[in-house]
Amino acid sequence: MRKNLFLSIIVLLATNFASIAFAEDSADSFFMQGNDNYTAGKYGDAIKSYKKALDLSPGNAYIYYNMGNAYSNSGMYGDAIKCFNAAIENGLVDASIYFNLGNAYNSQGETVEAVGAYKRAVKLDPNDAATLHNLAMAYSTLGDLENAVKCYESAIKINPDDAGSHYNLGNIYSQMDDETAAIQCYAKTVKINPYYEKAYCNMGVSYSNLGDEDHAIDCYQKAIEVNPRYARAHYNLGISFLHRNLKDKAENCFTKVVELTPYDISAFIKIANAYGEMGKQDKQIECMKRAADLGDEDCAKWLKDKGVK
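Quick note: the sequence shown, position 180, residue 180 per the working numbering, numbers continuous.
Structure representation (structure tokens):
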């Protein structure tokens, strides 16, 4: 399972706050009020309370930190980043704040900045698997697969039972064309979580890329056992059957995909191409028509060029 980018939103309660000297006693009450609202999921009210606390205790790093968390949970990542940086500037140096700062950058698509924040978090706490996991995802987004592999491997050493890290590592190995290593990662994933349908499906793809359609078919069928409505697994199973020249079984799979995804243009196009390979022109045209009816101009042109009305 892929990790939530906000795994570790931390609210500092009064016990963590007792040593901070406020300008006025009421700053403490506003801070606690903000924490209560945060815990209740009332992030807008929490932000208002934290702002009042800041008015009475300007530059307080802990208030900035908790307000940043409230902004993050409200989807206001730019404001969250400002708060986290203000907390750091005012002396709060902790792995969790850099972790949350990295998450906020990541949510805004500022992946380079996210990597920088995660690296600071790892430096402060090198044994936090969640930070290593998110750093690996950020490296992967940037195309730095070697560093992504290193981070996932480090995360797995710390938390070997995290199915998500094994799964994502498998995906990276597959991107690197190391399908054997990918299969090993997917196998570990489903050993930890036997209901991880995507791991079964991706393992099937890796086997298929190695030319082992028998094992690929087994994997796709296991994915479908876990989730009978998993259209991608049905499609991939159909392709594997087609590679084995089991055309009737392939057609049954494609029929199921159409049933499950009646508005998916890409699915109709893929299945149309498969029917073309099978020599089933009527079925191919039918799928191209469905895609054209859904608004695909290329399919409409293909039909026109074929003289199909």
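For every residue, glycine included, the Cβ atom is placed at its ideal position computed from N, Cα and C.
Inter-residue spacing [alpha-carbon to alpha-carbon] between residue i and residue j
i      : j      : result
Ala199 : Asp218 : 13 Å
Ser313 : Gln184 : Look at the range of the chain in this structure, 1 to 309, and you will see that residue 313 is not part of it.
Ser29  : Gly75  : 26 Å
Asp128 : Phe84  : 19 Å
Ser208 : Asn193 : 22 Å
Phe241 : Ala274 : 11 Å
Ala182 : Asp293 : 39 Å
Ala80  : Glu89  : 14 Å
Gly78  : Val308 : 52 Å
Asn245 : Glu297 : 32 Å
Ala233 : Val258 : 13 Å
Asn103 : Lys249 : 45 Å
Lys280 : Asn227 : 29 Å
Leu124 : Ala86  : 18 Å
Helix, strand or coil at residue i according to DSSP, with G and I counted as helix
i      : result
Thr261 : coil
Gly295 : coil
Gly41  : coil
Asn273 : helix
Lys256 : helix
Asp178 : coil
Gly59  : coil
Gly204 : helix
Val122 : helix
Lys306 : coil
Arg290 : helix
Ser74  : coil
Val190 : helix
Lys301 : helix
Val310 : There is simply no residue 310 to check, as the chain begins at 1 and stops at 309 in what is shown.
Asn245 : coil
Leu28  : According to the sequence displayed, residue 28 carries Asp and not Leu. Here Asp28 sits in helix by DSSP.
Asn90  : coil
Asn106 : helix
Leu210 : coil
Leu135 : helix
Asn159 : coil
Asn127 : coil
Tyr50  : helix
Gly116 : helix
Asp218 : helix
Leu142 : coil
Best match in the options for proximity to residue i [C-alpha to C-alpha]
i      : options                           : result
Ile97  : Gly109, Gln284, Gln108 and Ala114 : Ala114
Asp305 : Ile285, Asn193 and Ala95          : Ile285
Leu135 : Thr111, Leu124 and Lys48          : Thr111
Ile172 : Gly276, Met137 and Asp162         : Met137
Gly41  : Tyr230, Lys280 and Asn73          : Asn73
Val149 : Glu259, Asp178, Asp161 and Gly204 : Asp178
Glu330 : Glu251, Ile265 and Tyr196         : Lying before the first or after the last residue shown, residue 330 is absent from the chain, which here runs from 1 to 309.
Gly276 : Lys256, Lys247, Pro262 and Leu260 : Lys247
Thr261 : Lys283, Glu153, Phe99 and Ala231  : Ala231
Lys191 : Ala223, Ser107, Ala163 and Pro228 : Ala163
Lys270 : Met203, Asn252 and Ile239         : Ile239
Tyr43  : Asp55, Ile63, Ser26 and Tyr71     : Tyr71
Anticipated Cβ contact below 8 Å, residue i with residue j, distance rounded
i      : j      : result
Thr141 : His166 : With a Cβ gap of about 19 Å, Thr141 and His166 do not count as contacting.
Gln33  : Ser57  : Going by Cβ atoms, the distance from Gln33 to Ser57 rounds to 14 Å, so no, they are not a contact pair.
Met398 : Ala267 : Look at the range of the chain in this structure, 1 to 309, and you will see that residue 398 is not part of it.
Val92  : Ala61  : For the sequence presented, residue 92 should be read as Leu rather than Val. Going by Cβ atoms, the distance from Leu92 to Ala61 rounds to 4 Å, so yes, they are a contact pair.
Asn236 : Cys201 : 6 Å
Asn312 : Asn69  : The question about residue 312 has no answer here: the residues shown for the chain are numbered 1 through 309.
Ile265 : Ala300 : The Cβ separation is near 11 Å, so there is no contact.
Phe31  : Ala46  : Phe31 to Ala46, Cβ: 10 Å. No contact.
Tyr186 : Ser206 : 7 Å
Tyr105 : Ala117 : 6 Å
Met176 : Leu132 : Met176 to Leu132, Cβ: 19 Å. No contact.
Neighbour flag for residue i against chain C, beta carbons, 8 Å
i      : result
Asn103 : Here there is only one protein chain, and chain C is not present.
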